[in-house]
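Undergrad: Sharing a structure below in structure tokens format, with a few things to ask.
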Amino acid sequence: MQLVDQFLRKINYLRVSVTDRCDLRCVYCMKEKMNFLPKNEVLSLEEIERLCDNFIELGVEKIRLTGGEPLVRKDVLTLIKNLNKKKSTTNLKEITLTTNGSLLKKYAKDLKQNGINRINVSLDTIIEEKYKEITRFGKLANVIEGIEEAIKHNIKVKINTVVFKNFNEDQTKELINWCNNKLIDLTFIEVMPMSDTDMPRHMQFVSLDKIYNNLENIFNFEKSSHKTGGPSQYYTSSKLNIKVGFITPLSNNFCASCNRVRISSTGKLYMCLGQNEFVDFREILRTDRGDDYIKEKIRFALSVKPKRHDFIINPEVKPYINRHMNETGG
Ligand code: SAM
Ligand code: SF4
């Protein structure tokens, strides 16, 4: 079984936001004062699992849990355990996680025991005060200990770094060298205009073209054919033992190879991170219309998946995406 959208893109990757809540407040992701959703609006773990089952039956092979911070969701390990069991009996091949790493030290062992072999950890700086500044109150030491614990338990870690204007543009070389010492791949990401934050987006955005050119002069990159099923373009270097990736939703559109859809923590299926259209599954799940109906709705959603996002960052233009990143996950 294969899920194919109206542009014949094969969709085999589902991202699931298990909570909109987070223990940090990264300045490009959230406002300082956020109103989180009432608990009854968020899908239960059983509802999430049932949606996942339907996607798997239709051809989804990879599920990434995200948020908000997935590790602050109570009992998230139960969901992971249940999904992991499906790997031996269904299409499902991999479950991964995107985390800020603050609770990773506590969870790494259990994650590994429940079939998590790869995770993405978000880390924008390795300077303690700067980490506090970008996350508003995070502790860098927690993340580093978490990463070390994950590596100890044989979980492959990749770092995701959002490049933020006048904040970490000058630290990209140091970040690469730090990751290289730990043999961890690293991907740089452009700020996306996902709703309003406390600072206008044009004051946050840096084009990765510029960053790439600076780094290329230092590392003499070679384009890699390595793919992890995502939009990152990877590079290798004779000076490095890791791959360095660049995700450029604004400076270089990659929508033609999009293979994913996203479920928000409230059960809205977003066919594109960069558009507002969704199909709401929460009411369908709560009125129990049956799995055939759920599958019909999933196929419908795929038939209207947009061709591409239209992200624009310009002081004159208000962000047209009306939700923050923590609702749908990155
Ligand atoms: N809390 C987890 C974390 O930080 O990894 C998972 C959710 S977070 C929303 C997922 C990813 O989205 C993180 O790597 C984060 O840096 C990124 N992100 C958040 N807001 C963003 C924005 N406006 N533009 C680009 N990336 C963003
Ligand atoms: Fe939380 Fe992740 Fe958003 Fe930072 S990027 S505030 S860690 S959800």
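Take the sequence shown: its letters are residues -1 to 328, numbered as in the numbering used here.
Glycine included, every Cβ here is placed at the ideal spot set by N, Cα and C.
I want to check one thing, is the minimum distance from the CB of M(-1) to the heavy atoms of ligand 2 below 7 Å?
TA: Against the sequence shown, residue -1 aligns to sequence position 1. Result no, Cβ not under 7 Å from ligand 2.
Undergrad: Here's the rule I'm using: 16 or more other beta-carbon atoms within 10 Å means buried, otherwise exposed. How should G66 be labelled?
TA: Position 68 of the sequence shown, counted from the first residue, corresponds to residue 66. With 16 or more Cβ atoms within 10 Å of its Cβ, G66 is classed as buried.
Undergrad: Is M32 buried or exposed, if buried means 16 or more other CB atoms sit within 10 Å of its CB?
TA: For the purposes of this step, residue 32 is taken as the residue at position 34 of the sequence shown. Per the 10 Å Cβ criterion, exposed.
Undergrad: Give every residue of the same chain whose Cβ lies closer than 6 Å to the Cβ of S301, excluding the five residues on either side of it in the sequence, and list them in chain order.
TA: The residue labelled residue 301 in the question sits at position 303 within the sequence shown. The residues are Q4.
Undergrad: Can you check the segment 264 to 295 for any beta strand (DSSP E) of at least 3 residues that lies completely inside it and give the ranges in chain order?
TA: 266 to 268, 276 to 278
Undergrad: Go through its chain and collect everything with a Cβ distance to C256's Cβ below 7 Å, but skip five positions before and after it.
TA: Mapped onto the sequence shown, residue 256 falls at position 258. So the qualifying residues of the chain are R7.
Undergrad: The beta strand (DSSP E) with H98 in it runs from where to where?
TA: The count along the sequence shown starts at 1 and reaches residue 98 at position 100. Here residue 98 is Asn; the residue named in the question, His, does not match the sequence. According to the DSSP assignment, N98 belongs to no beta strand (DSSP E), since it is labelled neither H nor E.
Undergrad: Quick one: give me the first and last residue of the alpha helix (DSSP H) that L69 is part of.
TA: Taking the first residue of the sequence shown as 1, we reach residue 69 at position 71. Where L69 is concerned, there is no enclosing alpha helix (DSSP H), given that its DSSP letter is neither H nor E.
Undergrad: Three or more C-beta pairs closer than 8 Å, one from the segment 82 to 92 and one from the segment 36 to 44: is that the case here?
TA: no
Undergrad: Tell me whether D289 is buried or exposed, calling it buried when 16 or more other Cβ atoms sit within 10 Å of its Cβ.
TA: The residue you call residue 289 lines up with position 291 of the sequence shown. Flag for D289 reads exposed.
Undergrad: Which one of R280, T285, N274, N312 has the shortest CA to CA distance from N320?
TA: The sequence position of residue 320 within the sequence shown is 322, counting from 1. That would be N274, whose Cα lies nearest to the Cα of N320.
Undergrad: Ends of the alpha helix (DSSP H) at N239?
TA: Counting from 1 along the sequence shown, the entry for residue 239 is found at position 241. Per DSSP, N239 belongs to no alpha helix (DSSP H) and is neither H nor E.
Undergrad: Could you check what DSSP says for K386 in three-state terms: helix, strand or coil?
TA: The requested residue 386 does not occur in the structure, where the chain is confined to residues -1 to 328.
Undergrad: Is there contact between the segment 231 to 242 and the segment 280 to 300, where contact requires at least three CB pairs shorter than 8 Å?
TA: no
Undergrad: Using only CA atoms, which one of D183, R13, V2, M(-1) lies nearest to M323?
TA: Counted from its first residue, the sequence shown places residue 323 at position 325. Comparing Cα positions, the closest option is R13.
Undergrad: What is the C-beta distance between V160 and L206, in whole angstroms, given that I count them as a contact (C-beta under 8 Å)?
TA: Reading the sequence shown from its first residue, position 162 is the one you call residue 160. Reading the sequence shown from its first residue, position 208 is the one you call residue 206. The Cβ separation is near 10 Å, so there is no contact.
Undergrad: For a test of your reading of the model: does the CB of T159 fall under 7 Å from any non-hydrogen atom of ligand 2? Yes or no.
TA: Here residue 159 refers to the residue found at position 161 when the sequence shown is read from its first residue. No, Cβ of T159 sits at least 7 Å from all heavy atoms of ligand 2.
Undergrad: Mind checking whether the beta-carbon of V74 lies closer than 7 Å to any heavy atom of ligand 1?
TA: On the sequence shown, position 76 is the one that residue 74 refers to. It does not: the Cβ of V74 is nowhere closer than 7 Å to a heavy atom of ligand 1.
Undergrad: With a cut-off of 8 Å, do at least 3 Cβ pairs link the segment 170 to 179 to the segment 139 to 152?
TA: no
Undergrad: Please list, in chain order, all residues of the same chain as K163 whose beta carbon is under 7 Å from its beta carbon, the five residues on each side excluded.
TA: Translated into the one-based positions of the sequence shown, residue 163 becomes position 165. Closer than 7 Å at Cβ, skipping near neighbours: M201, Q202, F203, V204.
Undergrad: Hey, could you find the ends of the beta strand (DSSP E) I261 is sitting in?
TA: In the sequence shown, counting from the first residue as 1, residue 261 sits at position 263. Here the beta strand (DSSP E) through I261 covers 258 to 261.
Undergrad: Suppose you measure from the CA of P198 to the CA of M192; what does that come to, to the nearest Å?
TA: In the sequence shown, the residue the question calls residue 198 occupies position 200. In the sequence shown, the residue the question calls residue 192 occupies position 194. For the pair P198 and M192, the Cα-to-Cα distance works out to about 11 Å.
Undergrad: For S236, is the classification buried or exposed, using 16 other Cβ atoms within 10 angstroms of its Cβ as the cut-off for buried?
TA: Residue numbering aside, residue 236 sits at position 238 when the sequence shown is read from its first letter. Classification of S236: exposed, given that the 10 Å Cβ count is below 16.
Undergrad: Short of 7 Å in beta carbon distance, which residues of its chain neighbour F276, apart from the five on each side in sequence? Order them along the chain.
TA: The count along the sequence shown starts at 1 and reaches residue 276 at position 278. Answer for F276: K266, L267, Y268, listed in chain order.
Undergrad: Counting Cβ pairs closer than 8 Å, one from the segment 74 to 83 and one from the segment 124 to 141, do we hit at least three?
TA: For the pair of segments examined, the segment 74 to 83 was found not to touch the segment 124 to 141: the number of CB pairs separated by less than 8 Å stays below three.
Undergrad: Assuming E55 and M(-1) form a contact by the criterion Cβ under 8 Å, report the distance between their Cβ atoms to the nearest whole angstrom.
TA: In the sequence shown, counting from the first residue as 1, residue 55 sits at position 57. In the sequence shown, counting from the first residue as 1, residue -1 sits at position 1. Contact holds; Cβ gap of about 7 Å.
Undergrad: Going by C-alpha to C-alpha distance, which of E314, Y210, F279 sits closest to R297?
TA: As a first step, residue 297 is located in the sequence shown; it is residue number 299 there, counting from the start. Ranking E314, Y210, F279 by Cα distance to R297 puts F279 first.
Undergrad: Assuming F219 contacts G272 (C-beta within less than 8 Å), just tell me the rounded distance between them.
TA: The residue given as residue 219 occupies position 221 in the sequence shown. The residue given as residue 272 occupies position 274 in the sequence shown. Contact doesn't hold; Cβ gap of about 27 Å is too wide.
Undergrad: Is N251 helix, strand or coil by DSSP?
TA: Within the sequence shown, the letter at position 253 stands for residue 251. It is coil, neither helix nor strand.
Undergrad: Excluding the 5 residues flanking K79 on each side, which residues of the same chain have their C-beta closer than 6 Å to its C-beta?
TA: For the purposes of this step, residue 79 is identified with residue 81 of the sequence shown, where counting begins at 1. The answer, listed in chain order, is N112.
Undergrad: Tell me, which residues are paired with F186 by DSSP?
TA: Position 188 of the sequence shown holds residue 186. Answer by DSSP bridge pairing, in chain order: T159, F244.
Undergrad: With a threshold of 6 Å on Cβ separation, who are the neighbours of Y105 within its own chain once the five nearest residues in sequence on each side are excluded?
TA: Reading the sequence shown from its first residue, position 107 is the one you call residue 105. The residues are L69.
Undergrad: Under the three-state reduction of DSSP, which class applies to N215: helix, strand or coil?
TA: As a position in the sequence shown, residue 215 is number 217, starting the count at 1. Note: N215 maps to helix in three-state DSSP.
Undergrad: For the alpha helix (DSSP H) containing N178, name the first residue and the last one.
TA: Counting from 1 along the sequence shown, the entry for residue 178 is found at position 180. Counting along the chain, the alpha helix (DSSP H) containing N178 begins and ends at 170 to 180.
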